[in-house]
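Single-structure report; data block below.
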Amino acid sequence: MATSKILAISGSLRADSHNTRLLHAARTLDPGRQEIEIYEGLRDLPAYDQDLDTPEKRPAIVTDLRRRVLAADGLLIATPEFNYSIPGVLKNALDWLSTDWTKTEGLPLHRKPTAILGAAPTNFGSVRAQLALRQVFVWTESDVVVKPEVIVFRSHERFDAEGNLTDETTVGLLRGLLEALQGKIDAAPAR
Ligand SMILES: Cc1cc2nc3c(=O)[nH]c(=O)nc-3n(C[C@H](O)[C@H](O)[C@H](O)COP(=O)(O)O)c2cc1C
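Structure representation (structure tokens):
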């Protein structure tokens, strides 16, 4: 069976981010079936500007991200919770990915199989941010996995000193999430 290409984006720029660690853990779970690439460019994306959002004027880093998303079979998005919502850097990236004003390129997020998860050291584990993220994907008509919900609360307790995911419950949830994402990818019409 062909390997599915999944682009993973962490909404946290922090070096020791628990959300980014979860994406690294996801890479190890089913490497034969899924090739998960972690996007590294979020910090450098310019602020969304509709005047620049054309094939000719878009900054190169945005064009590159849009191409990567269009080429990916699925997306895996890990979000922290900032002030009850998703971080601005993540929202900014999703804004750049949500458009096709000239109707010539395709909408990168449209119908894209997408799985979301999130971690926070609080007792709420990014649950409100994940709800906000789901709402973004309503407008973009992305094909978002509904369950399992991966809400990693008290996230600092789930990793060892080297940052490896050691909590078996979270490993199981992550595995379930990737399986559900794979189900959506397998059911998606050929691109
Ligand atoms: C600006 C800011 C706002 C935050 N707001 C919330 C919040 O509303 N709810 C919450 O549970 N945690 C909040 N936190 C704590 C984050 O959930 C915590 O920093 C989390 O670990 C970030 O994820 P990371 O480990 O991937 O960087 C906030 C942190 C920052 C820096």
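According to my numbering, the sequence shown is numbered sequentially starting from -18.
Glycine included, every Cβ here is placed at the ideal spot set by N, Cα and C.
These numbers were taken from a predicted model, which means no experiment stands behind them.
(message) Alpha carbons only, please: which of E138, T83, A59, K128 is nearest the one belonging to L(-6)?
(response) Numbered from 1 along the sequence shown, position 13 holds the residue referred to as residue -6. When each option's Cα is compared against that of L(-6), the closest is A59.
(message) Taking 8 Å as the cut-off, is the beta-carbon of T147 closer than that to any non-hydrogen atom of ligand 1?
(response) Here residue 147 refers to the residue found at position 166 of the sequence shown. Because no heavy atom of ligand 1 lies under 8 Å away, the Cβ of T147 does not count as near it: no.
(message) Helix, strand or coil for K(-14)? Go by DSSP, reduced to three states.
(response) Counted from its first residue, the sequence shown places residue -14 at position 5. Looking at K(-14) - three-state DSSP - the assignment turns out to be strand.
(request) Go to L10, then tell me how far its alpha helix (DSSP H) extends in each direction, as first and last residue. (result) What you label residue 10 is simply residue 29 of the sequence shown in a count that begins at 1. Counting along the chain, L10 falls outside any alpha helix (DSSP H), and DSSP gives it neither H nor E.
(request) Could you check the C-alpha separation between E62 and K(-14) for me, to the nearest Å? (result) One-based indexing of the sequence shown puts residue 62 at position 81. One-based indexing of the sequence shown puts residue -14 at position 5. Straight-line Cα distance between these residues: approximately 27 Å.
(request) Grab the span of the beta strand (DSSP E) containing V133 for me, first residue to last. (result) Here residue 133 corresponds to residue number 152 of the sequence shown, with the count starting at 1. That run of the beta strand (DSSP E) goes 131 to 133.
(request) Ignore the nearest five residues each way along the sequence and tell me which others in L155's own chain have a CB closer than 8 Å to its CB. (result) One-based indexing of the sequence shown puts residue 155 at position 174. Excluding positions up to five away in sequence, the list reads L3, A6, A7, L10, L98, V131, L146.
(message) Rounded to the nearest angstrom, what separates P12 and L(-12) at their Cα positions?
(response) Along the sequence shown, one-based indexing puts residue 12 at 31. Along the sequence shown, one-based indexing puts residue -12 at 7. The alpha-carbon atoms of P12 and L(-12) are separated by roughly 13 Å.
(request) Can you have a look at W77 and say buried or exposed, based on whether 16 or more other CB atoms are within 10 angstroms of its CB? (result) Mapped onto the sequence shown, residue 77 falls at position 96. Per the 10 Å Cβ criterion, buried.
(request) Starting from the Cα of G22, find the closest Cα among Q15, L33, A41, D32 and give me that residue. (result) Along the sequence shown, read from residue 1 onward, the residue named residue 22 stands at position 41. Comparing Cα positions, the closest option is A41.
(request) Over the uninterrupted alpha helix (DSSP H) stretch that includes T151, give me the two end residues. (result) As a position in the sequence shown, residue 151 is number 170, starting the count at 1. From DSSP, the alpha helix (DSSP H) with T151 extends over 149 to 168.
(request) Measure the CB-CB distance between S123 and T80 and report whether it falls below 9 Å. (result) In the sequence shown, the residue the question calls residue 123 occupies position 142. In the sequence shown, the residue the question calls residue 80 occupies position 99. Taking 9 Å as the Cβ cut-off, S123 and T80 do not qualify as a contacting pair.
(request) Determine the direct distance from the alpha carbon of D167 to that of K128, and round the result to whole angstroms. (result) Counting from 1 along the sequence shown, the entry for residue 128 is found at position 147. Counting from 1 along the sequence shown, the entry for residue 167 is found at position 186. Their backbone Cα atoms lie some 17 Å apart in a straight line.
(message) I'd like to check one pair, R135 with G157: are the Cβ atoms closer than 9 Å?
(response) In the sequence shown, the residue the question calls residue 157 occupies position 176. In the sequence shown, the residue the question calls residue 135 occupies position 154. For G157 and R135, no; Cβs fall outside 9 Å.
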